[in-house]
Structure formats: structure tokens, C-alpha cells
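One structure is given below, encoded as C-alpha cells.
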Amino acid sequence: MSLYGKVALVTGGAQGIGRAVVQSLLLSSAKVAVVDLNKTCGEECKTQLDTEFGEGHCTFIQCDVSHGDALRDAFQSTVDQFGRLDIVINNAGINNEKNWEKTIQVNLTSVIKGTYLALEHMSKEYGKEGGTIINVSSMAAFMHSPHQPVYTATKHGVIGFTRAMADASSQGDYGVRINVLCPAFVDTPLLHSVEQEDNMGKFVKFKDDFKLRMDKFGVLPPSLIAEGMMRLIMDTSLNGAVMKITCSKGIHFHSYEPMSA
Ligand SMILES: NC(=O)C1=CN([C@@H]2O[C@H](COP(=O)(O)OP(=O)(O)OC[C@H]3O[C@@H](n4cnc5c(N)ncnc54)[C@H](O)[C@@H]3O)[C@@H](O)[C@H]2O)C=CC1
Ligand SMILES: CCCCCC(=O)CC\C=C/C=C/C=C/[C@@H](O)[C@@H](O)CCCC(=O)O
């Protein structure tokens, strides 16, 4: 299915998982706003994508997603440049147990803010045409470990928030599908931050345990996460889905017990 005429916004889109998703969106003919803190990486990314896809298909907006007004401006700038918004990927994330308050701001608060801003631009509640939102969590929300307590907490939070918002969307007739994606270990720069005391603080001493888990469970290519993301975007039957991507089971979904009294 083509995404011709659709406009996407990807936070943390300049490298890693976000960069792979941007590539897939452009290959499907969507227009894409790459929203990222890293100016150098973002500008390099745009130059490469302009060369590959031609100018005018993507834009780079430098923005710290944890600054609420800046994130609001990034959404507005996307709509100003491309005329509409249909797909929002709240992907930007960090792994910092030392500055754990920042980890909560980037990984959870900004995902909530990004979801609310997406709804302002896409929900029928606001007179808009509908759309789809994907929030990025992690398998860390299902398999906790001693080296990332706050990171793990934020990823649990992303799942709970997304599932509740998906119900709000269906019951409130927002016309917006809201799903969550949980990758296992992925080969990106973030994965290497686990070795650094600056990121992990006192939990850095558990890095060998982390590496053992990586050896045991394997490391996924970012392209497979992009493939899962495209499935969540294209499959219009999905709302409130929790997609997991692991080496052992590939792309699959978590199933929950039905709600009981
Ligand atoms: N790499 C992995 O093994 C896994 C990653 N994830 C999640 O996937 C998402 C993407 O991670 P990766 O691509 O691995 O990381 P990465 O570090 O390779 O890329 C993250 C991107 O987000 C940007 N970013 C960071 N803080 C930002 C901020 N405040 N405002 C705007 N942009 C910001 C960075 O500049 C970077 O371009 C994160 O939410 C992460 O928690 C989930 C499971 C596994
Ligand atoms: C240093 C920051 C990077 C953050 C890394 C993560 O977010 C990593 C995710 C953590 C755990 C991954 C576990 C993977 C397990 C699977 O391969 C599988 O064995 C689990 C199967 C369970 C299932 O799919 O239901």
C-alpha cells in the first residue's frame, strides 16, 4: 500500500530505529518530518535522503522533545510545510540512569505530549481527518533487569498510556489508531550507552549481565523494527496493539487477559 499524499512526523528520526523508519516511510511515498535534537546528525540525514529521494520529500526540524513548546512548534512546522499530518511516531528515547529525571521526561512525558499534540492535528474531536500514532516502548517492559530501573519504568508507562489512549480513541471516536511497539535489543548507538558510567551511574557495574542477555537473546537490525512499524501503520484493524519484535519470535503481538471485575 502506498502512503502517497500522507505526512509523517518521526521523533528521534536522525539515527538508529527512527532513521530506518524514516527510510521506509519515504520508500512508501509519504512526506516525512525528522524531528531530532542532534543537529549534525539530522542535517546529514536530510542531505542523504534528499540525494536518494529528491528534495521536498523530507524536512529536518531540530527539537528537544522534552521541551513542550519546542515540540508543539515542531508539529506546527510540519503541518505548515506539508499541509497536513497523518502518522506520528513517538520514538525518541534515552538510556540515562544517572540523570533519571531526564529519562522520564524524554521517554515518557514527551511520548504523552507527542500523543496529545498528534491528536490535536489528527483527531476528529478537533475536526481533523484521523490518523495513526505509534509509541516506542521496549521488551524491557516485559523482561526487567537490574541495570535500567528507570528506563524500564518509562517503557512500562508507555505501554499503559498507549493502551488507555487507544481505548479513549475508539470510545471517543477520534478516528486515530494508537499502537505501541516493543523491540528487543537493536543494533543502534543507544545500545552502546550501557557501557558508559555517564549514562548508567552506579548501575554500570551490571553491564556484563546486560551483555550476557544480548548474547543470549541476540541483536536485531533496525530495518526489522521499521518493517514492524510499517505493519502497524498499514493494518487499519490495529488499535491498542502491543507489538513485540524479538530474535526468537520475530514480529508478533502480546496478548492480554480480558478485563475482569
Ligand atoms: N536500541 C535498542 O536496543 C532499543 C531501543 N528501543 C527504543 O527505541 C527508541 C529509539 O532508540 P534507538 O534508535 O536505539 O536510539 P538512538 O540513540 O540510536 O537514536 C535515538 C535518536 O533520538 C534522538 N533524541 C534523543 N533525545 C532526544 C530529545 N530529547 N529530543 C529529540 N530527539 C532526541 C537522538 O538524537 C537520536 O537521533 C528509543 O525509544 C529506545 O528506548 C527499544 C528497545 C530496544
Ligand atoms: C541500553 C539501552 C538499550 C535498551 C535496550 C532495550 O530496550 C532492550 C530490551 C530488553 C530486553 C530484551 C529481551 C528479549 C527477549 C527475547 O528475545 C525473547 O526471548 C523474549 C520472548 C518473549 C516474547 O516475545 O513474548
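Per full-length UniProt numbering, the sequence shown starts with residue 1, numbered consecutively.
Glycine is no exception: its CB is placed at the ideal position from the N, C-alpha and C atoms.
Can you pull the DSSP bridge partners for F253?
Answer is M243.
Whole-angstrom Cβ separation of S169 and I178, contact assumed at under 8 Å?
6 Å
For the candidate residues M243, S77 and F206, whose alpha-carbon lies nearest to that of I146?
Before going on, a small fix: residue 146 reads as Pro here, not Ile. The shortest C-alpha separation from P146 is found at F206.
Can you tell me whether H144 is buried or exposed, with buried defined as 16 or more other CB within 10 angstroms of its CB?
exposed
By the DSSP assignment, the alpha helix (DSSP H) with I233 in it spans what residues?
P222 to M234
Kindly provide the chain-ordered list of residues whose Cβ lies closer than 6 Å to any non-hydrogen atom of ligand 2.
This criterion selects N95, S138, M139, A140, M143, A184, F185, L190, L191, S193, V194, F217, K244, T246, C247, S248 and K249.
Rounded to whole angstroms, how far is the Cβ of residue 270 from the Cβ of V242, which I believe are closer than 8 Å?
The shown model of the chain, from 1 to 261, leaves out residue 270, and the question about it has no answer.
Take K102 as the anchor and find which of I61, A8 and A153 has the nearest alpha-carbon.
Looking at the Cα atoms, A153 is the closest of the given residues.
Starting from V21, trace the alpha helix (DSSP H) in both directions and tell me its first and last residue.
G16 to L27
Is the CB-CB distance between S24 and L71 below 8 Å?
no
Whose C-beta lies closer than 6 Å to the C-beta of A8 among residues of the same chain, with five residues either side of it excluded?
L25, A30, V32 and I87
Reducing DSSP to helix, strand and coil, say where R177 ends up.
strand
DSSP state of D36, grouped into three classes?
strand
Relative to the C-alpha of I133, which residue among P258, V65 and I112 is closest?
I112
Quick test of the definition: if touching needs 3 or more C-beta pairs under 8 Å, does the region 11-21 touch the region 208-216?
Touching, no.
Quick check: does the Cβ of V65 come within less than 7 Å of any heavy atom belonging to ligand 1?
Placement of the Cβ of V65 at a distance of less than 7 Å from at least one heavy atom of ligand 1 is found.
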